[in-house]
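Chemist: The structure is given below, and queries will be raised subsequently.
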Amino acid sequence: MATQAEDELVTQAFNADKHEELARAIEQLSPEEAAFFVDKLEAAIRKRKIQISGYLASMLIWVLAMMFGLVYYGTHDGFTGWVFLLPFALVGLTLFVFGKWAAKVGAKAVTRPAPAPPK
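For any residue, its number in the numbering used here is found by taking its place in the sequence shown, counting from 1, and adding 19.
Written as structure tokens, this is what we have:
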């Protein structure tokens, strides 16, 4: 699925079945258009790296927060069930922050105007 920052050619770069079609399309581009495409491709790769880092960070935060929650639950008396909401809140916050960061990097990286589509 292509997003605003990724056009159809960039999305095809991540699909192994369409690499030959993509190579033929790139061969028809002018040097300026090819440089623009490379910038968009690099932005998409950076965006996806940030997203996967966010997923991994949120998993690690969830595990650590759940361990903390279990320890806290086991060592304190009274109602301590609230502590199990904390890991999910931290995961949500982490994914939100990394998502905003990835969207900003993906949108900011392409500064040149889009070239006219090839004929």
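Where a beta carbon is used, it is the ideal one built from N, C-alpha and C, also for glycine.
If I'm right that Q70 touches F117 with Cβ under 8 Å, what's the distance once you round it to whole angstroms?
Modeler: Sure, about 7 Å apart at Cβ, within 8 Å.
Chemist: What residue from H38, L105, Q31 and A121 has the CA that sits closest to V82's CA?
Modeler: For V82, the nearest C-alpha among the options comes from L105.
Chemist: When the Cα atoms are used, what is the spatial distance from S77 to F115?
Modeler: Using only the alpha carbons, I get a separation of about 10 Å.
Chemist: State buried or exposed for F56, treating a residue as buried only when at least 16 other CB atoms are found within 10 Å of its CB.
Modeler: By the 10 Å Cβ count, F56 comes out buried.
Chemist: Over what stretch of residues does the alpha helix (DSSP H) that includes K123 continue unbroken?
Modeler: Unbroken alpha helix (DSSP H) run through K123: L105 to K127.
Chemist: Assuming V57 is part of the alpha helix (DSSP H), what are its boundary residues?
Modeler: Its alpha helix (DSSP H) spans residues P50 to T94.
Chemist: Label K66 either buried or exposed according to how many other C-beta atoms from any shown protein chain fall within 10 Å of its C-beta, with 16 as the threshold for buried.
Modeler: By the 10 Å Cβ count, K66 comes out buried.
Chemist: If V29 and K59 are in contact, beta carbons under 8 Å, what's the gap, nearest whole angstrom?
Modeler: Confirmed, about 5 Å.
Chemist: Rounded to whole angstroms, what's the CA-CA distance from K123 to L109? Just pull it up for me.
Modeler: When rounded, the distance between both Cα atoms is 21 Å.
Chemist: Quick one: Cα of F33 to Cα of A84, how far?
Modeler: Computed Cα separation, rounded: 34 Å.
Chemist: My output table needs one value for Q31: the three-state DSSP class, helix, strand or coil.
Modeler: DSSP places Q31 in helix when its eight states are reduced to three.
Chemist: Kindly say whether A84, judged by its beta-carbon, lies nearer than 7 Å to any beta-carbon of chain D.
Modeler: Of the chains in the structure shown, none is chain D; there is only one protein chain.
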